[in-house]
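Read left to right, the sequence shown gives residues 22 to 541 (the numbering used here).
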Amino acid sequence: MANKIVIDPVTRIEGHLRIEVEVENGVVKDAWSSGTMARGFEAMLVGRQPMDAIYVTERSCGVCTMVHGLCSSRALDMAYGCKVPEAGILLRNLMLAALYMGDHIQIFYNLNAPDYIDITAVAGYKGNDPKLLAIKDKIVALVKANDTAPFTPAYKGDQYTLTDPEIVTTLVSHYIQAIEARAIAQKCIAIFGGKSPHQAGVIQGGVTYHPNLEDLVKYKEYIAKVIDFVQNVYWKDILFLGSGPLLPVGQAGLGGGYNNYLSGPEFPLDNSGKNFLWKGGVVTDGNLGAVQPLDGQKIAESVAHSWYDYSNNQPLLQPFEGETKFNLKKEGAYSFLKAPRYDGKPYEVGPLAWAMTVQPKEFMDIVTKLNIKPGFLARHAARAYQAVDVSKNVMKWVDELASLMGKGPLIVNDDKPTPDSAKGFGFVEAPRGFLSHWAVIEGKKLKNYQQVVPTTWNASPRDANNVRGQYEQSLIGIPVPDPENPINVVRNIRSFDPCLACAVHIIHPESNRILKFVVE
């Protein structure tokens with residue numbers, strides 16, 4: 022007989038997520054992913070000035086910070102007919118690079134690492150490192166005081182839980198350092214964007230701020246500290262864990278899903294719209310030798326199992342024609358997320374999808390040598406390497422910007438009037454994966470605006486063909502030997518780095534009857 026387990030809310034993520042699984046013979050047999058909060062950003066933009074979308078959509082999330090502003094700006098770049106100057110491209114890249122590194126650091130250490138450590142192991146540390154001894158003393162005192170947040174409450178450990186005192190104490194030390202590194206990355210964004218989260222410097226046509234040399238010196242000073250953490254702490258931790266104590270997780274390939282991967286182009290190298298650090302692409306059915314170019318016209322969304330209706334009951338709508346009409350009493354609906362599909366199929370987006378489509382040689386060589394299969398450990402490894410890849414390019418972009426400043430007035434924006442009628446879409450390969458914004462302008466105002474965000478791709482409900490979303494499919498086969506302790510379920514979900522505030526745009530008034538209820 023199957024046990025039904027509901028985790029509501031899933032914690033240590035951004036936003037409101039409910040995961041329901043059916044477990045039979047110790048493994049997940051079926052799963053449902055529900056976004057349980059609606060925001061209405063798309064609806065509130067209708068009738069507003071197009072530029073409002075940049076700063077309104079940025080408020081979708083305080084974790085993703087600038088990606089919605091950047092994506093909206095790129096959509097309006099197209100709609101307005103702007104050609105972003107080279108300096109504007111570089112400034113956008115520098116802000117996004119800081120976001121990438123800071124975000125990935127936070128996701129691993131502060132939101133995911135606690136799933137793999139037994140915090141009480143710190144008491145057994147017998148080394149002589151003064152910093153680690155100080156952490157030991159602090160943790161022991163907290164345990165005695167029964168005050169071990171944020172490491173508790175937590176599910177019980179299992180065969181994948183780290184219990185070696187030196188490893189655990191070191192990771193706790195890096196957990197603390199990660200908070201500081203993330204804060205420094207935010208300062209880097211604020212230098213050019215005015216503040217972070219919710220920077221105010223990106224606009225259609227480029228950016229609003231003309232930096233001086235002092236700004237560049239300050240940015241380099243700050244970002245160097247973040248780069249050092251990425252390359253010498255984060256990446257080394259991932260290599261050690263992934264090739265050592267957590268290698269069995271990687272080789273088991275827990276949480277793989279469909280093996281369909283999608284990523285967008287990112288970090289433009291000029292303003293031609295053709296040259297990018299990452300080209301992106303589409304991989305279907307795990308065929309890594311057949312990466313196809315991304316075609317935005319193949320993106321559409323289903324609301325068959327979402328609390329929305331489409332006019333004329335259409336099964337899919339392309340985002341330019343997208344609708345956001347709530348129906349809270351819809352039969353068969355269980356999520357405020359829509360179900361994005363590419364050419365009619367569900368795809369995973371995010372760092373693993375980036376790695377499978379861009380295929381950086383160093384990363385691919387490592388996972389091949391270690392026989393690491395797609396799954397939740399592979400997502401962490403890809404996320405860390407993505408941060409490393411960004412870190413290798415940042416200083417070069419700073420120097421390129423400095424060289425432009427030496428050639429005369431720095432032009433950072435291509436200013437154009439609001440068009441009477443236009444359409445535009447923008448893509449951003451955000452830290453959580455492929456993001457797109459779609460704007461329709463009529464009478465100089467927004468007639469329609471749609472956001473198709475990374476977590477919507479991954480956490481989507483079933484579509485009109487009753488095909489599961491990526492979270493749901495990735496949970497099939499996950500081991501849950503103890504229904505009271507679904508630790509592998511949350512490990513898998515958190516490995517995607519859920520961000521539900523972006524993904525849903527009201528709490529469902531009625532809850533379903535469940536066999537088991539777990540709040541983590």
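Positions of the beta carbon are idealized from the N, C-alpha and C atoms, including for glycine.
Range of the contiguous alpha helix (DSSP H) that encloses residue i
i, result
"E505", "Run containing E505: none; DSSP gives neither H nor E here."
"V473", "V473 -> not in any alpha helix (DSSP H); beta strand (DSSP E) instead, spanning 466-473."
"V379", "372-379"
"G302", "Premise fails: G302 lies in the beta strand (DSSP E), 302-304, not in any alpha helix (DSSP H)."
"L267", "Premise fails: L267 is in no alpha helix (DSSP H) and is neither H nor E."
Residue i (DSSP reduced to helix, strand or coil)
i, result
"K444", "strand"
"A170", "coil"
"L91", "helix"
"C209", "helix"
"K366", "strand"
"A175", "coil"
"P500", "strand"
"V624", "With the chain covering 22 to 541 only, the question about residue 624 has no answer from this structure."
"A522", "helix"
"S516", "helix"
"V312", "coil"
"E421", "helix"
"L97", "helix"
"R33", "coil"
"E450", "strand"
Under 7 Å between C-beta atoms of residue i and residue j
i, j, result
"S194", "L153", "yes"
"V228", "V510", "no"
"A108", "L237", "no"
"G277", "G396", "yes"
"D484", "A325", "yes"
"Q339", "A360", "no"
"A202", "V143", "no"
"G274", "G263", "no"
"R39", "G447", "no"
"A354", "S323", "no"
"L283", "A374", "yes"
"Q220", "D98", "no"
"S293", "T86", "no"
"V67", "L467", "yes"
Euclidean distance between Cα positions of residue i and residue j
i, j, result
"T191", "I259", "13 Å"
"N469", "G307", "35 Å"
"E242", "I110", "21 Å"
"Y363", "V304", "11 Å"
"K465", "I34", "38 Å"
"V461", "M65", "14 Å"
"V544", "V409", "Residue 544 lies beyond the range of the chain shown here (22 to 541); nothing can be said about it."
"D136", "V415", "31 Å"
"A522", "A52", "21 Å"
"P482", "V189", "36 Å"
"E41", "I499", "13 Å"
"A204", "I197", "11 Å"
"S516", "M385", "19 Å"
"G178", "D436", "56 Å"
"G429", "P151", "52 Å"
"Y394", "I387", "In the sequence as displayed, the identity of residue 394 is Lys instead of Tyr. Approximately 11 Å between the Cα atoms of the pair."
"I514", "A134", "13 Å"
"V88", "K165", "42 Å"
"N149", "S55", "47 Å"
"V27", "A100", "44 Å"
"G61", "E369", "24 Å"
Residue range of the beta strand (DSSP E) that includes residue i
i, result
"K257", "Looking at the DSSP string, K257 is not in any beta strand (DSSP E); the run it does join, the alpha helix (DSSP H), is 256-264."
"K25", "24-28"
"V44", "38-45"
"F250", "Segment 234-250 is the alpha helix (DSSP H) holding F250; no beta strand (DSSP E) there."
"H458", "454-463"
"S323", "320-323"
"L154", "Careful: L154 lies outside any beta strand (DSSP E), inside the alpha helix (DSSP H) at 151-165."
"P336", "Premise fails: P336 is in no beta strand (DSSP E) and is neither H nor E."
"L115", "No beta strand (DSSP E) holds L115; the alpha helix (DSSP H) holding it covers 107-127."
"P289", "287-289"
"L349", "No beta strand (DSSP E) contains L349, which DSSP labels as neither H nor E."
"L283", "282-284"
"L298", "297-299"
Any chain D beta carbon closer than 7 Å to residue i
i, result
"Y406", "Here there is only one protein chain, and chain D is not present."
* Length-filtered (4 minimum) alpha helix (DSSP H) runs lying within the stretch 47-83 -> 62-66, 73-79
* **Segments of 4+ residues assigned as alpha helix (DSSP H) that fall wholly inside the stretch 384-414** => 397-412
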